[in-house]
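Take a look at the structure set out below.
Protein chains: 2
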Amino acid sequence: MKKNSIFKVQKDAWDIFLRGLHAVDPFSAIERNVKLTGSILEIEGQKYDLDNYKQVIVVGAGKAGATMSRAIEDILGDRISFGHVNVKYGHVDTVNTINIHEAAHPVPDQAGYDGAQIIYDILKKTGEDDLIIFLLSGGGSALMPLPAEGISLVEKQQVTNLLLSCGATINEINTIRKHISRFKGGYLAGVAYPSTLITLIISDVIGDPLDTIASGPTVADNSTFDDCLRILKKYDIIAEAPGSITRHINLGVAGVAKETPKKGDPIFSKIQNVIVANNMNAFKAGKKKAIELGYTPLILSTLIEGETKDVAKVHAAIAKEIRKSGNPIAPPACILSGGETTVTIKGNGLGGRNQEFALAVAIEIEGMENTVIASIATDGTDGPTNPAGAIADGSTIERGKKLGVSAVEYLDNNDSYHFFHKIGDLLISGPTNTNVMDFRIILVV
Amino acid sequence: MKKNSIFKVQKDAWDIFLRGLHAVDPFSAIERNVKLTGSILEIEGQKYDLDNYKQVIVVGAGKAGATMSRAIEDILGDRISFGHVNVKYGHVDTVNTINIHEAAHPVPDQAGYDGAQIIYDILKKTGEDDLIIFLLSGGGSALMPLPAEGISLVEKQQVTNLLLSCGATINEINTIRKHISRFKGGYLAGVAYPSTLITLIISDVIGDPLDTIASGPTVADNSTFDDCLRILKKYDIIAEAPGSITRHINLGVAGVAKETPKKGDPIFSKIQNVIVANNMNAFKAGKKKAIELGYTPLILSTLIEGETKDVAKVHAAIAKEIRKSGNPIAPPACILSGGETTVTIKGNGLGGRNQEFALAVAIEIEGMENTVIASIATDGTDGPTNPAGAIADGSTIERGKKLGVSAVEYLDNNDSYHFFHKIGDLLISGPTNTNVMDFRIILVV
Chain A
7 MKKNSIFKVQ KDAWDIFLRG LHAVDPFSAI ERNVKLTGSI LEIEGQKYDL DNYKQVIVVG
67 AGKAGATMSR AIEDILGDRI SFGHVNVKYG HVDTVNTINI HEAAHPVPDQ AGYDGAQIIY
127 DILKKTGEDD LIIFLLSGGG SALMPLPAEG ISLVEKQQVT NLLLSCGATI NEINTIRKHI
187 SRFKGGYLAG VAYPSTLITL IISDVIGDPL DTIASGPTVA DNSTFDDCLR ILKKYDIIAE
247 APGSITRHIN LGVAGVAKET PKKGDPIFSK IQNVIVANNM NAFKAGKKKA IELGYTPLIL
307 STLIEGETKD VAKVHAAIAK EIRKSGNPIA PPACILSGGE TTVTIKGNGL GGRNQEFALA
367 VAIEIEGMEN TVIASIATDG TDGPTNPAGA IADGSTIERG KKLGVSAVEY LDNNDSYHFF
427 HKIGDLLISG PTNTNVMDFR IILVV
Chain B
7 MKKNSIFKVQ KDAWDIFLRG LHAVDPFSAI ERNVKLTGSI LEIEGQKYDL DNYKQVIVVG
67 AGKAGATMSR AIEDILGDRI SFGHVNVKYG HVDTVNTINI HEAAHPVPDQ AGYDGAQIIY
127 DILKKTGEDD LIIFLLSGGG SALMPLPAEG ISLVEKQQVT NLLLSCGATI NEINTIRKHI
187 SRFKGGYLAG VAYPSTLITL IISDVIGDPL DTIASGPTVA DNSTFDDCLR ILKKYDIIAE
247 APGSITRHIN LGVAGVAKET PKKGDPIFSK IQNVIVANNM NAFKAGKKKA IELGYTPLIL
307 STLIEGETKD VAKVHAAIAK EIRKSGNPIA PPACILSGGE TTVTIKGNGL GGRNQEFALA
367 VAIEIEGMEN TVIASIATDG TDGPTNPAGA IADGSTIERG KKLGVSAVEY LDNNDSYHFF
427 HKIGDLLISG PTNTNVMDFR IILVV
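These protein sequences, in sequence, are chains A and B.
In terms of this note's numbering, the first sequence is residues 7 to 451.
In terms of this note's numbering, the second sequence is residues 7 to 451.
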């Protein structure tokens with residue numbers, strides 16, 4: 007009987023995840039946010055009369071691009087004049103009008119560059135009478151690479167690697183990358199101006215910062231060419247950086263190359279940026295499912311970062327407290343938690359942050375009854391592995407022991423994949439064509 | 007105005023802590039749990055008629071011992087025949103009947119040994135007609151050192167250091183330590199038998215495991231001499247360990263030295279173990295104060311462990327989510343969180359886990375308005391420093407910059423004390439004569 011009950015709880019966790027995932031599916035996300043009534047397109051209260059526009063053009067980039075395209079076609083139909091969206095190889099879908107252009111991710115390739123050039127040419131030709139719908143999702147930056155003139159993709163990659171190797175922060179790297187692009191950091195908005203532009207965004211970044219998701223192509227930037235020069239000097243890499251890049255930055259400092267557009271720039275006057283799906287959307291839906299299944303739900307936070315195994319300890323502490331004292335909520339309890347943690351790799355095993363989380367949490371909840379904790383990547387791919395994540399319960403460690411696998415050893419070797427593969431508790435969803443970071447569930451019944 | 011309001015929130019945090027601290031003060035703790043009506047002593051529903059006992063004897067050990075003694079004297083008065091309690095140097099209080107015996111902590115000294123010997127002699131002489139009240143609190147193990155016969159304090163310390171240096175787990179170390187003691191691991195219960203024994207415990211251990219707090223002198227033990235031998239073999243330290251200790255363990259394995267008493271042993275039939283104060287008691291009281299001050303309170307967990315700066319990130323993520331979406335609760339919100347984190351020391355600065363937590367959390371909440379996060383050691387001493395902890399808000403980092411101190415650099419150097427000393431946000435309570443681990447407060451208004 008106990009065995010049956012834990013299976014039921016495991017199934018509940020999976021069902022809660024699926025409900026959440028459904029809410030952030032590109033199709034649901036666009037349907038929820040984009041309404042067409044007659045010729046009136048309404049998005050977050052803002053109305054556009056399509057009869058006022060000569061052309062409705064769809065462009066975009068990102069791993070969810072193909073399904074977002076299908077969704078927007080489903081709503082706008084032949085209102086769409088034409089379109090071009092860069093997607094990751096294989097991430098295709100059935101579309102009619104919009105051209106789906108496959109390219110490489112996470113390392114950009116020539117196909118991505120060619121597709122970005124097509125988007126650039128389309129935007130350059132649009133005018134005041136055109137409405138552009140820009141579909142943006144995770145991977146959009148790498149899938150739409152368009153360095154400033156005179157800079158090659160390889161040189162751009164070189165300076166990124168150089169910055170990484172000398173310990174530059176992600177913020178510093180992005181400052182440089184925005185300034186050597188023709189799209190990032192709001193530059194794309196300048197290319198599209200004076201068209202009307204609506205950016206529909208599936209957010210895969212903690213806190214949904216518009217200037218960070220896909221490097222903020224349609225959002226004002228705060229950083230400057232002066233900052234870029236300061237960063238190159240700080241890490242003493244002016245000599246090492248590709249000449250084309252230092253030259254471009256120096257031109258920017260001299261006021262010759264154009265600065266990233268700043269807040270208040272008129273090019274942003276005709277732009278609406280809309281987050282159509284994020285981590286919280288998934289949790290709100292998951293929460294409803296949890297209530298249907300009889301759980302008291304609590305959304306802990308969508309903003310969780312930190313070393314995976316320590317974050318797991320805090321989650322285990324909450325699960326144990328639920329059992330011990332009914333705090334922060336009494337059983338049957340469902341805690342939902344999101345964001346994206348990091349793994350400091352020390353071993354040479356295989357795994358992803360979600361599987362590592364599940365393994366670390368399993369060690370902490372060993373022996374606890376009627377408790378299930380799952381961690382799942384909403385894009386269906388946890389790190390360099392096939393599964394989306396893994397599921398842990400009070401018997402995980404014991405079952406591992408019986409099969410000759412030690413959780414502590416596998417965790418030390420960052421080999422969560424092989425641990426869960428062995429005990430059969432990997433969670434496999436297949437590619438989901440979306441990404442709103444991670445979905446963690448604690449169920450204590 | 008804004009400045010005034012953050013001062014108000016800081017004061018609220020401190021007041022919530024003080025209310026919590028009051029509830030775990032040894033005096034409040036004993037008053038809450040021990041009732042005397044006529045000759046009837048009632049503790050957690052269990053009744054003892056003091057008229058049935060020839061003597062009521064108070065013994066004990068721990069940093070809270072003196073104030074616990076004063077509290078039990080306040081209730082039992084001249085019903086107490088005599089008493090002897092080992093405390094840390096300087097941790098004294100005004101008592102009448104009970105002898106307060108000062109000794110060294112955390113490294114035991116001869117005074118501790120002498121005091122433990124006195125307790126041993128007292129317990130040895132008691133009989134069926136005697137009621138013993140045993141006062142136990144943090145530090146009780148080190149303050150009441152009584153190795154098995156033939157083993158010196160120095161040898162006991164040697165084997166502990168040896169085990170630590172070869173990476174033995176705390177569980178393995180405790181298994182050995184219990185088996186080479188005359189008190190730990192339930193041995194004390196055997197010495198006191200057949201007296202009636204009530205152990206009143208202030209818990210400074212996560213989850214209040216009775217067999218771990220002060221090494222469980224009045225609780226059954228699970229481990230065996232066979233385990234001890236296995237551990238010595240595992241780390242290959244049989245040759246290195248002091249001869250007196252390997253000899254004692256071998257005598258145990260051979261059935262000559264007495265095994266730690268196990269569950270079901272009749273010596274436990276007349277023992278009541280009672281946790282009179284723990285982390286949760288502090289939070290329940292703090293929660294009431296938070297409600298009085300107009301906050302919606304949520305007790306997250308009293309069981310939180312993990313690397314301090316990663317635990318801080320999770321707490322910051324919760325604070326930010328409260329502000330962003332009103333989850334897990336809407337502002338004005340008060341999250342209470344306990345347990346005890348660890349710090350992996352990489353720098354050579356000064357600090358404690360609570361100050362490090364406050365510094366790490368300050369970095370994460372930089373710029374957030376009307377948010378205060380404090381972390382405080384309930385014993386009033388955070389690590390090897392004077393303050394109990396520190397308090398962070400959205401302006402902490404900026405104020406540091408203005409005074410020329412970089413939070414990131416001070417955190418990297420584990421120098422939280424000097425950072426908060428510089429900006430004036432240390433929290434100083436003085437010694438509290440109690441310890442129920444840490445008290446963290448998030449206030450978002």
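Here a beta-carbon is modelled for each residue, glycine too, at the ideal position from N, C-alpha and C.
Hey, does B/Lys-264 have any beta-carbon neighbour from chain A nearer than 7 Å? no
Look up B/Ile-36 in the DSSP assignment and give the residues it is bridged to. Answer is none; B/Ile-36 lacks a bridge partner.
Using the three-state DSSP reduction, which class does A/Met-7 fall into: helix, strand or coil? Because A/Met-7 carries a pLDDT of 35, less than 50, the predicted location of this residue cannot be relied on, and the following value inherits that uncertainty. Residue state, collapsed to three classes: coil.
Would you say A/Asn-333 faces chain B, with C-beta separation under 7 Å as the test? For A/Asn-333, the nearest beta carbon of chain B is closer than 7 Å to its own beta carbon.
Beta-carbon separation of B/Thr-314 and B/Val-349 under 7 Å? yes
The alpha helix (DSSP H) that contains B/Phe-426, what's its start and end? 422-429
Chain B beta carbons: is any one of them nearer than 7 Å to that of A/Val-349? no
Determine, for A/Ile-447, whether the minimum Cβ-Cβ distance to residues of chain B falls below 7 Å. Contact of A/Ile-447 with chain B is not assigned, every C-beta pair being separated by 7 Å or more.
If you run the structure through DSSP and keep just helix, strand and coil, what is B/Thr-205? strand
Whether or not the region 77-97 of chain B and the region 152-165 of chain B are in contact is what I'm after, with contact meaning three or more pairs of Cβ atoms, one per stretch, closer than 8 Å; do they touch? no
Once the 5 residues before and after B/Leu-454 are set aside, which same chain residues still bring their CB inside 7 Å of it? Residue 454 of chain B falls outside the range modelled here, since chain B spans only 7 to 451, and no answer is possible.
Which residues in the same chain as A/Ala-117 place their Cβ atom closer than 6 Å to its Cβ, once the five residues preceding and following it in sequence are excluded? Excluding sequence neighbours, A/Ala-117 sits near Ala-109.
Nearest to A/Cys-476 by CA position, among A/Ile-86, A/Ser-187 and A/Ile-182, is which residue? Residue coverage of chain A in this structure runs from 7 to 451, which leaves residue 476 of chain A outside it and unanswerable.
Reducing DSSP to helix, strand and coil, say where A/Thr-387 ends up. The answer is coil: DSSP assigns A/Thr-387 none of H, G, I, E or B.
Contact set for B/Arg-85: own chain, Cβ-Cβ below 7 Å, skip 5 residues either direction: Leu-56 and Val-62
Beta-carbon of B/Pro-215 versus every beta-carbon of chain A: anything under 7 Å? no
When Cβ atoms are compared, which residues of the region 296-311 of chain B fall closer than 8 Å to chain A? Leu-304, Ile-305, Leu-306, Ser-307, Thr-308, Leu-309, Ile-310 and Glu-311
Kindly indicate the opening and closing residues of the beta strand (DSSP E) around A/Gly-345. 339-345
Using a Cβ-Cβ distance under 7 Å, would A/Ile-324 count as near chain B? The beta carbon of A/Ile-324 falls within 7 Å of a beta carbon belonging to chain B, placing the residue at that interface.
Interface residues of chain B facing A/Lys-319 [CB-CB closer than 7 Å]: Glu-311 and Gly-312
Along the region 277-288 of chain A, where does the CB come closer than 7 Å to a CB of chain B? Name the residues. Within the region 277-288 of chain A, contact with chain B at the beta-carbon level (separation under 7 Å) is assigned to Met-286.
Is the beta carbon of B/Gly-204 sitting closer than 7 Å to the one on B/Ile-139? First, the amino acid is wrong: residue 204 of chain B is Ile here, not Gly. In this structure, B/Ile-139 lies closer than 7 Å to B/Ile-204 by Cβ.
Flag B/Gly-26 as yes if its beta-carbon sits less than 7 Å from any beta-carbon of chain A, otherwise no. no
In the DSSP assignment, find the alpha helix (DSSP H) that holds B/Ile-251 and state where it starts and stops. Per DSSP, B/Ile-251 belongs to the alpha helix (DSSP H) from 249-259.
Under the three-state DSSP convention, the category B/Val-317 falls into: helix
Using DSSP bridges, identify the partner residues of B/Tyr-54. B/Leu-47
Who does A/Val-62 pair with in a DSSP beta bridge? A/Leu-137
Once you ignore the five residues that flank A/Ile-297 on each side, which residues in its own chain have a CB closer than 7 Å to its CB? These residues qualify, in order along the chain: Pro-303.
Would you say A/Asp-431 reaches chain B, if we count a Cβ-Cβ gap shorter than 7 Å as a contact? no
Beta-carbon proximity of B/Ala-394 to B/Ile-379, cut-off 7 Å: no
Segment limits, alpha helix (DSSP H) that includes B/Leu-365: 359-370
Does the beta-carbon distance from A/Ala-291 to A/Ala-29 come in below 7 Å? yes
Consult DSSP for B/Ser-75 and reduce its assignment to one of helix, strand or coil. In the structure shown, B/Ser-75 falls within a helical segment according to DSSP collapsed to helix, strand and coil.
Can you give the Cα-Cα distance for A/Arg-253 and B/Gly-344, rounded to whole angstroms? 54 Å
What distance in whole Å lies between the Cβ atoms of B/Ala-70 and B/Pro-112, which are believed to be in contact at a cut-off of 8 Å? In fact, because the Cβ distance is near 15 Å, the residues do not count as touching under 8 Å.
Between the region 412-426 of chain A and the region 438-450 of chain A, are three or more C-beta pairs nearer than 8 Å? no
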